[in-house]
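Structure representation (structure tokens):
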């Protein structure tokens with residue numbers, strides 16, 4: 205049996221254990237109460253001291269790219285403006301707009317419009333709605349009206365900033381293309397001056413001159429063909445008549461000259477009478493008969509005078525045989541006088557000479573026109589080159605000018621147009637603080653505190669059990 209001293213010790217140890225256990229309970233309860241009280245106190249304090257916040261929101265639509273424009277300039281060129289914006293296939297203009305809405309410049313402008321400091325205006329929440337072209341804007345304030353005014357102020361400040369950026373972009377574009385436009389204008393002026401100077405210097409104005417010249421050459425060629433045909437026809441007739449008369453056209457002309465001279469005709473009549481008389485006397489008288497000698501003398505005197513007069517008229521000596529061939533009093537079997545045939549022969553010869561002169565003139569004109577055509581063709585080549593340079597300069601200038609005008613009509617290329625889909629709302633209930641959410645958080649916090657204290661409570665028994673398990677395993 206244990207002694208009384210041992211019993212006392214055991215009783216004392218049990219009292220000590222009870223006291224330690226009680227103290228431990230009190231300590232854990234106190235810590236648990238303090239921690240839970242702190243959690244709930246902070247939650248209640250937050251609900252009590254945090255001012256109410258009302259959030260107004262709005263939805264904005266970002267328009268897509270504007271349709272492209274194509275302008276055709278007849279005989280000059282074409283100007284195009286591509287559709288879409290300056291953003292790539294994987295870029296979204298809403299990201300830019302989101303950054304702009306939260307930028308210091310836009311927030312400062314919005315705050316100034318409400319006459320409040322920027323710090324009081326707050327930071328808006330901009331959200332991109334997936335698979336759409338929409339932006340959602342949220343701004344909080346102490347009252348519903350102020351929240352709604354902030355959204356309107358933010359939208360107006362953002363819209364104002366967009367207009368400023370669009371104006372600046374347009375000014376930069378205008379300055380950038382102004383030099384290019386000036387260069388094209390200078391080139392156009394130079395091309396115009398070169399063409400004008402060449403026209404003034406060369407006398408060549410257009411291809412119509414060559415067309416007219418070719419037409420004239422064609423007409424002259426047709427005339428030449430016609431006149432050549434006439435010349436051949438008249439020449440054939442002349443040769444046939446000349447062969448028939450056995451007389452050249454010049455001899456026929458001489459005969460006509462002699463026929464028209466009265467003195468020559470008088471002398472010819474005397475010569476003819478003397479010849480007739482001599483012819484009649486010779487058969488009945490001898491050659492030495494005085495009448496025959498006298499007739500022969502008169503005939504010789506008349507012939508001499510006749511030949512002298514013919515040489516005087518024609519300028520060339522003539523013979524007795526020629527006088528017989530130049531006799532115009534004979535007629536052919538058809539009753540046509542020889543003189544008429546002489547006249548016809550002379551007339552045909554004159555016509556032939558006229559046709560020959562006309563043919564020579566036509567050939568000379570053709571040669572001159574063909575030489576002029578060669579010159580004009582060379583001038584046309586130079587003219588066409590200068591005119592082509594002028595057309596190119598006109599096309600470039602007109603295209604550049606048209607593109608500038610078209611770009612002025614599309615201010616939304618880099619900054620697409622925006623539209624309000626849902627106007628700023630007037631909130632009916634505060635968005636913060638949210639009592640249910642705060643209470644739920646405090647409750648979860650209490651659970652974590654209780655769970656932690658429970659784990660601490662069971663720490664010592666668990667350690668003893670683990671030591672015993674280890675000790676048994678060693679033994």
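Residue numbers (the numbering used here): 205 to 679. The C-beta atom is built at its ideal place from N, Cα and C for all residues, glycine as well. Just so it is clear, the structure is predicted and the values come from calculations on it, not from any experiment.
Residue i in three-state terms, based on DSSP
i: residue 565; result: helix
i: residue 619; result: coil
i: residue 626; result: strand
i: residue 676; result: helix
i: residue 534; result: Residue placement at residue 534 is flagged as unreliable, the pLDDT there being 46, under the threshold of 50; a coordinate-derived value is accordingly withheld.
i: residue 539; result: In this prediction, residue 539 has a pLDDT of 41, which is less than 50 and means its spatial position is unreliable; nothing more can be read from the coordinates.
i: residue 236; result: helix
i: residue 662; result: coil
Integer-rounded CB distance, given that residue j should sit under 8 angstroms from residue i
i: residue 424; j: residue 566; result: 6 angstroms
i: residue 481; j: residue 509; result: About 17 angstroms; that fails the 8 angstroms criterion.
i: residue 263; j: residue 632; result: So it is not a contact: roughly 18 angstroms between Cβ atoms.
i: residue 605; j: residue 385; result: 7 angstroms
i: residue 634; j: residue 258; result: 5 angstroms
i: residue 475; j: residue 512; result: With a Cβ gap of about 12 angstroms, residue 475 and residue 512 do not count as contacting.
i: residue 438; j: residue 555; result: 5 angstroms
Start-to-end residues for the beta strand (DSSP E) that takes in residue i
i: residue 260; result: 258-266
Start and end residues, alpha helix (DSSP H) containing residue i
i: residue 348; result: 348-406
Span separating the alpha-carbon of residue i from that of residue j
i: residue 260; j: residue 600; result: 54 angstroms
i: residue 536; j: residue 444; result: Residue confidence is low: residue 536 scores 45 on pLDDT, short of 50, so the model does not pin down where it sits. Its coordinate-derived value is still stated next. Straight-line Cα distance between these residues: approximately 16 angstroms.
i: residue 355; j: residue 383; result: 43 angstroms
i: residue 428; j: residue 591; result: 36 angstroms
i: residue 593; j: residue 314; result: 56 angstroms
i: residue 404; j: residue 420; result: 24 angstroms
i: residue 478; j: residue 496; result: 10 angstroms
i: residue 231; j: residue 678; result: 36 angstroms
i: residue 305; j: residue 267; result: 17 angstroms
i: residue 235; j: residue 670; result: 26 angstroms
i: residue 502; j: residue 518; result: 24 angstroms
i: residue 401; j: residue 407; result: 10 angstroms
i: residue 376; j: residue 575; result: 58 angstroms
i: residue 240; j: residue 652; result: 10 angstroms
i: residue 321; j: residue 644; result: 35 angstroms
i: residue 333; j: residue 602; result: 44 angstroms
i: residue 291; j: residue 244; result: At residue 291 the pLDDT is 49, less than 50, meaning the model places this residue with poor confidence; the figure from the coordinates comes in the next sentence. So the alpha carbons of these two residues sit roughly 52 angstroms apart.
i: residue 579; j: residue 387; result: 35 angstroms
i: residue 374; j: residue 310; result: 21 angstroms
i: residue 434; j: residue 559; result: 8 angstroms
i: residue 348; j: residue 369; result: 32 angstroms
i: residue 335; j: residue 662; result: 54 angstroms
i: residue 440; j: residue 470; result: 37 angstroms
i: residue 416; j: residue 607; result: 41 angstroms
i: residue 367; j: residue 629; result: 25 angstroms
i: residue 672; j: residue 247; result: 44 angstroms
i: residue 436; j: residue 573; result: 25 angstroms
i: residue 308; j: residue 365; result: 12 angstroms
i: residue 569; j: residue 422; result: 12 angstroms
i: residue 616; j: residue 328; result: 25 angstroms
i: residue 649; j: residue 238; result: 13 angstroms
i: residue 242; j: residue 345; result: 29 angstroms
i: residue 358; j: residue 641; result: 30 angstroms
i: residue 343; j: residue 256; result: 13 angstroms
i: residue 380; j: residue 372; result: 12 angstroms
i: residue 297; j: residue 409; result: 56 angstroms
i: residue 295; j: residue 326; result: 28 angstroms
Cβ-heavy atom distance, residue i to the ligand FAD, below 8 angstroms
i: residue 256; result: For the ligand FAD, the structure offers nothing, since it holds no ligand at all.
task = Could you tell me which uninterrupted beta strand (DSSP E) segments, each at least 3 residues in length, are contained entirely in the stretch 287-342, listed from first to last along the chain?
result = 329-332
ask   = What are the complete beta strand (DSSP E) segments, minimum 3 residues, inside the stretch 419-448?
value = none
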